[in-house]
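**Student:** Per the numbering used here, residue 935 is the first one in the sequence shown, and the count goes up by one each step.
Glycine included, C-beta positions come from ideal geometry on N, C-alpha and C.
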Amino acid sequence: MSAPLLDSAKIHSADGPILFAVELSGDVARVTGTHRHARGQIFGAVRGLLSVGTDDSQWVVPAIHAVWLPPNRAHSLRSHGAFAGWSVYVSESACTDLPHEPCTIRTSGLLREAVNRAASWDSKTLDEAQMRLAGVILDEIRSLPREAFGLPMPRDVRVLRIARALADDLADNRRLEEWADWGGVASRTLTRRFIDETGFSFSEWRQRARLMRALEMLASGTAVTTIALDLGYENVSAFIAMFRRTFGVTPTQYLV
935 MSAPLLDSAK IHSADGPILF AVELSGDVAR VTGTHRHARG QIFGAVRGLL
985 SVGTDDSQWV VPAIHAVWLP PNRAHSLRSH GAFAGWSVYV SESACTDLPH
1035 EPCTIRTSGL LREAVNRAAS WDSKTLDEAQ MRLAGVILDE IRSLPREAFG
1085 LPMPRDVRVL RIARALADDL ADNRRLEEWA DWGGVASRTL TRRFIDETGF
1135 SFSEWRQRAR LMRALEMLAS GTAVTTIALD LGYENVSAFI AMFRRTFGVT
1185 PTQYLV
């Protein structure tokens, strides 16, 4: 289990600045068990795909998106691969006009730059300039568009293990029957559970997970051909066609 990003006294206290920001990077996956804290939290990854769980759902979030969690909402987190990310903890009193339910938002350059600056603050109180920047961060949380590109994770322990293994190596092209054998679950059960618990068939879920990872790689400047091959597509044309069917634009057009 990974250590907390911030001292627990700061996360759980109503005292102190209106927000705390922190950045962290590492060469190993980050895993945080189910927990909750008094402050609201928005977090995202610069590198690494995130699996986020709440009381009633789990989903996968690419690096160009961020997750908002209201105060006192139980949640867990797991990154896939090396992790580099950021987090902002917002005092409960400042969360009244922020989203009341967990949601995924598309990040902006302004939000990322503001968080980067705020992560360097070490004072117990904020001066006028810092308060203005804190206000920018809150405005971005409030106004950035919500995104529905997250991917639900199954709840069944056996199926969740398979989904996590898929997320760790999206180039793995094993068929559903082979994954069922690996996970110790009947093929019919695996098929039914994926549909019932995620809303996607097994193949649809894997395809969507690949597209989520593709968004992350695009954001980091990875070439489209490299993305296609790294994610298990037979050729770049197949990848571009799938991307266009899902998002309505080509990979190169998406980030313009």
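Give me the DSSP bridge partner(s) of P1086.
**Tutor:** W993
**Student:** Smallest Cα separation from P1033: which of A1008, N1050 and L1072?
**Tutor:** L1072
**Student:** Thinking C-alpha only, which one of Q975, H1014, L1152 and G1069 is nearest N1006?
**Tutor:** Q975
**Student:** Got a sec? Which residues, its chain only, sit under 6 Å from T988 by beta carbon, not counting five neighbours each side?
**Tutor:** H1009 and P1036
**Student:** Under the rule that 16 or more other beta-carbon atoms within 10 Å means buried, what is S1021, buried or exposed?
**Tutor:** buried
**Student:** So P1276 and S991 are supposed to be a Cβ contact under 8 Å. How far apart are they, rounded?
**Tutor:** For the chain, the structure presents residues 935 to 1190; residue 1276 sits outside this window and is missing.
**Student:** Have a look at A1099 and R1012 and give me their C-alpha separation to the nearest angstrom.
**Tutor:** 12 Å
**Student:** Using beta-carbon positions only, say whether D1102 and G1166 come within less than 8 Å of one another.
**Tutor:** No, they are not a contact pair.
**Student:** Report the CB separation of G1019 from F977 in whole angstroms; it is logged as a contact under 8 Å.
**Tutor:** 6 Å
**Student:** Would you say L1045 touches the ligand NAD, meaning its beta carbon is less than 7 Å from a heavy atom?
**Tutor:** For the ligand NAD, the structure offers nothing, since it holds no ligand at all.
**Student:** Quick check: the segment 995 to 1004 against the segment 979 to 987, are there 3 or more CB pairs under 8 Å?
**Tutor:** yes
**Student:** Alpha carbon to alpha carbon, how far is Q1064 from A1052?
**Tutor:** C-alpha separation (whole angstroms): 8 Å.
**Student:** For V1170, collect the residues of the same chain with a Cβ closer than 7 Å to its Cβ; drop the 5 residues on either side in sequence, then sort them by chain order.
**Tutor:** V1158, T1159 and A1162
**Student:** Are there 16 or more other CB atoms within 10 angstroms of the CB of P1079, so buried, or fewer, so exposed?
**Tutor:** exposed
**Student:** Taking C-beta to C-beta, are A1148 and F1128 nearer than 8 Å?
**Tutor:** no
**Student:** Give me, in chain order, the residues of the same chain whose beta-carbon lies closer than 7 Å to that of L1067; leave out the 5 immediate sequence neighbours on both sides.
**Tutor:** A1048, R1051 and A1052
**Student:** Roughly how many angstroms lie between the CA atoms of R1108 and P1004, to the nearest whole one?
**Tutor:** If I take the Cα positions, the gap works out to 38 Å.
**Student:** Smallest Cα separation from I1075: which of L1094, T1059, T1038 and A1097?
**Tutor:** T1038
**Student:** Quick one: Cα of F1181 to Cα of T1030, how far?
**Tutor:** 33 Å
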